[in-house]
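Novice:
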Amino acid sequence: MEFSFSSSASKIAHSTAFFSLEGGDVIMLGIACVLIYLAIWKKFEPLLLLPMGFGCLLANIPMSMMASTDTGGLLNFFYQGIEHEVLPPLIFMGVGALTDFGPLLANPSTFLLGAAAQVGVYTTLIGAVFLGFNMQEASAIGIIGGADGPTSIFLASKLAPHLLAPIAVAAYSYMSLVPLIQPPIMKLLTTEKERKIKMEQLKPISQTVKIVFPVTVTIVCCLMLPGVTPLLGMLMLGNLFRESGVTARLHETAETHLINIVTILLALAVGSSMTAQSFLQWETIKIIILGLLAFTFATAGGVIFGKIMCKFTGGRVNPLIGSAGVSAVPMAARVSQKVGSEADSSNFLLMHAMGPNVAGVIGSAVAAGVFLSLFGDVSGMDTHAALAPVIGSPEPGIQAIATVVDAIKQ
Amino acid sequence: MEASVSAAVNVSILAISVIFTVLIILIFTIKTLVKLMPYQASPAPLAKSGSTSSPQKQDDQVAAITAALAAHMGKRPDEFRIVNIQSR
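Chains as they are written, first to last, in the working numbering: chain A, 1 to 410; chain B, 1001 to 1088.
(1) Listed in chain order, which residues of the region 1011 to 1043 of chain B have Cβ atoms closer than 7 Å to some Cβ of chain A?
(2) Are at least three pairs of beta-carbons, each pair with one atom in the region 33 to 45 of chain A and one in the region 165 to 178 of chain A, less than 8 Å apart?
(3) Do Ala294 of chain A and the ligand SAH come close, with the Cβ less than 7 Å from some heavy atom?
(4) By the DSSP assignment, the alpha helix (DSSP H) with Leu163 of chain A in it spans what residues?
(5) Round the Cβ separation of Ile211 of chain A and Ser157 of chain A to the nearest angstrom and send it over; I've been treating them as touching at under 8 Å.
(6) Would you please state the rounded distance, in angstroms, between the beta carbons of Ala343 of chain A and Ala333 of chain A? I believe it to be under 8 Å.
(7) For Val1009 of chain B and chain A, any beta-carbon pair shorter than 8 Å?
(8) Using a Cβ-Cβ distance under 8 Å, would Pro108 of chain A count as near chain B?
(9) Quick check on Ala386 of chain A: buried or exposed, where buried means 16 or more other Cβ atoms within 10 Å of its Cβ?
(10) Applying a beta-carbon distance threshold of less than 9 Å, which residues of chain A neighbour Val1005 of chain B?
(11) Quick check: what's the CA-CA separation for Gly238 of chain A versus Thr218 of chain A?
(12) Let me see if you follow: with CB-CB separation under 8 Å, is Ser157 of chain A close to chain B or not?
(13) Please tell me whether Ala254 of chain A has its Cβ less than 8 Å away from any Cβ of chain B.
(14) Assuming Gly94 of chain A contacts Ala254 of chain A under a Cβ cut-off of 8 Å, what Cβ separation, rounded to an integer in Å, is found between them?
(15) Three Cβ pairs or more, each shorter than 8 Å: is that satisfied between the region 70 to 78 of chain A and the region 94 to 104 of chain A?
(16) Does DSSP classify Ile181 of chain A as helix, strand or coil?
(17) Mind listing the chain B neighbours of Gln182 of chain A? Cutoff is C-beta to C-beta under 9 Å, in chain order.
(18) Please identify the residue among B:Pro1038, B:Ser1006 and B:His1072 whose C-alpha is closest to the C-alpha of Thr208 of chain A.
(19) Counting only C-beta atoms, is Phe213 of chain A closer than 8 Å to chain B at any point?
(20) Tell me the DSSP secondary structure of Gly245 of chain A in three-state form.
(21) Can you confirm whether Gln118 of chain A, when its beta carbon is compared against all beta carbons of chain B, has any partner nearer than 8 Å?
(22) Roughly how many angstroms lie between the CA atoms of Ser379 of chain A and Pro226 of chain A, to the nearest whole one?
(23) Going by the CB atoms, is the gap between Val303 of chain A and Pro319 of chain A shorter than 8 Å?
(24) What are the boundary residues of the alpha helix (DSSP H) that Gln337 of chain A is part of?
(25) What does Thr208 of chain A touch in chain B if you count any residue whose Cβ is under 7 Å from its own?
(26) Within 10 angstroms of its Cβ, does Glu22 of chain A collect 16 or more other Cβ (buried), or is it exposed?
(27) Buried or exposed: which applies to Gln1058 of chain B, given that a residue is buried once 16 or more other Cβ atoms fall within 10 Å of its Cβ?
(28) What is the DSSP secondary structure of Pro204 of chain A, counted as helix, strand or coil?
(29) Give the secondary structure of Ser379 of chain A by DSSP, where H, G and I count as helix, E and B as strand, and everything else as coil.
(30) From which residue to which residue does the alpha helix (DSSP H) around Tyr1039 of chain B run?
(31) Candidates A:Asn260, A:Leu163, A:Gln337 and A:Ala17: which alpha carbon is nearest Leu87 of chain A's?
(32) Could you pull out every residue in the same chain whose Cβ sits closer than 6 Å to the Cβ of Pro356 of chain A, ignoring the five residues on either side in sequence?
(33) Between which two residues does the alpha helix (DSSP H) holding Ala30 of chain A run?
(34) Per the contact definition of three or more C-beta pairs closer than 8 Å, is the region 140 to 152 of chain A in contact with the region 1018 to 1032 of chain B?
(35) Considering only residues of the same chain and omitting the five flanking positions on each side of Cys310 of chain A, which have a CB-CB separation below 8 Å?
(36) Flag Ile288 of chain A as yes if its beta-carbon sits less than 8 Å from any beta-carbon of chain B, otherwise no.
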């Protein structure tokens, strides 16, 4: 082959990605840098926004084969973990291993606050439908109000995979802004006197109850809403590692190394789905606005229900703990503590707020389960049908459920 | 799937009812569990004696502290006497 310096130099120059760079890619590289900036210098959920921003950076370098859609690319492999429901449930296992359900067990009525905060999910669902999204997309957007990143990703990947990137970015961005979003709403909806209410010390709970609880929740919730079993099942398994006292090594792994590794994979995979084609849409701006609406209504729902509980208990419940009903563990509980101590420096609400906070995790998972029952592929029946030639025909029971679900959908 | 605001409202009412139902079932389940398996405080630890060390161990400690103090103060060990060691 004849060697010419000029033609070779020209060939090298044309093989760089600069010639393939388009306007959309440049904007996305800018957005990636903003996410990295927010993570490092503003400390906005850095554990997630940093790898997510870097994933976005990699995905928008032309010819790099790093977008989630580039079959055979590195981040495409990571993305399989989201597509096949592997990574969000593993994060939930780590969350379960980190979470102490003691405050919730000591005051189970706070479960109601976790349920009330899900109001944000449904007001956003209605808002999303009003803005022109279909029911499945609106459900995936609405779950942002649950303030639970893995649940948002899990549901979006099942109901609206094309909206995964903006939903994940909105969910994690607003979660990091909880200390800014919640206090004004909490102060607006409560009086000074209510904020000063001191709550009784929580009763201690026997270790046996703490061990039986995850098993009971799994049986009750997963039988009622089987679609949510991957999330709730892993959450409760992680908690059982913690409370059983016989799996110290597994507990330690789940709450440290496993959750860290999976966080890196999950955030990079979400970042890799943030390409110009999927992200630079009007839908993204709508989702960002709806996400803020979701957090606002979720906080308001929790606080208003807290006020109702305050009235019914004769002033024994501080309504501020209601705002912790959005998940965002433990940040939302810390916000309740902060606003309470601003009204009275001797008021300690943190442990009381942890009850609705962990109830919010279960509540948002249940909300996701309801959406999956209504609009999703219940119990993986489509997958089961696709695999039928390989593993045989579905069992009669599953076929009967499929018929009922089809009838409901129609 | 066709979506209208009224359908969304219906779905919302249905879904929030399901969430409250599931969580209320859990509340009653927990209350039952707590009643069936009440918390039992672990037995109180034995009252502490004045010193946790055995006499032999205490002698060793006195000797070590005396030697250290003597070195620090530049005195001979028999020039001063340690009369009491108390754990705080």
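The beta carbon of each residue, even a glycine, is placed where N, CA and C say it ideally should be. These numbers were taken from a predicted model, which means no experiment stands behind them.
Specialist: The answer reads as follows:
(1) Val1011, Ser1012, Ala1015, Ile1016, Val1018, Ile1019, Phe1020, Val1022, Leu1023, Ile1025, Leu1026, Ile1027, Thr1029, Ile1030, Lys1031, Leu1033, Val1034, Met1037, Pro1038, Tyr1039 and Gln1040
(2) yes
(3) Here there are no bound small molecules, and the ligand SAH is not part of this structure.
(4) Per DSSP, Leu163 of chain A belongs to no alpha helix (DSSP H) and is neither H nor E.
(5) Incorrect: roughly 32 Å between the Cβ atoms, too far for contact.
(6) About 16 Å separates the two Cβ atoms, so there is no contact after all.
(7) yes
(8) yes
(9) In this predicted model, Ala386 of chain A has a pLDDT of only 45, less than 50, meaning its place in the structure is not dependable; the value taken from the coordinates is given anyway. So Ala386 of chain A counts as exposed.
(10) Residues of chain A with a Cβ closer than 9 Å to the Cβ of Val1005 of chain B are, in chain order, Ile126, Val129 and Phe130.
(11) 12 Å
(12) no
(13) With 8 Å as the cut-off, Ala254 of chain A does not count as an interface residue toward chain B.
(14) 5 Å
(15) no
(16) helix
(17) In chain order: nothing, as chain B lies at least about 21 Å away.
(18) Comparing Cα positions, the closest option is B:Pro1038.
(19) yes
(20) coil
(21) yes
(22) Interpretation of Ser379 of chain A is limited by its pLDDT of 49, a score under 50 that renders its predicted location unreliable; the figure taken from the coordinates is listed afterwards. Near 6 Å, if we compare the C-alpha coordinates of Pro226 of chain A and Ser379 of chain A.
(23) yes
(24) Counting along the chain, the alpha helix (DSSP H) containing Gln337 of chain A begins and ends at Met331 to Ala343.
(25) Met1037
(26) Label assigned to Glu22 of chain A: exposed.
(27) So Gln1058 of chain B counts as exposed.
(28) Residue state, collapsed to three classes: coil.
(29) Because the pLDDT of Ser379 of chain A is 49, which lies under 50, any placement of that residue in the model is unreliable, and the number read from its coordinates should be weighed accordingly. Note: Ser379 of chain A maps to helix in three-state DSSP.
(30) Unbroken run through Tyr1039 of chain B: none, as it is neither H nor E.
(31) A:Asn260
(32) Excluding residues within five positions, the ones whose Cβ falls inside 6 Å are Thr110, Leu113, Gly114, Ile321, Ala324 and Gly325.
(33) Sequence check: residue 30 of chain A is Gly here, not Ala. Where Gly30 of chain A is concerned, the enclosing alpha helix (DSSP H) stretches over Gly23 to Ile40.
(34) no
(35) Glu194, Ile197, Arg316, Val317, Asn318 and Pro319
(36) No, its Cβ sits nowhere closer than 8 Å to a Cβ of chain B.
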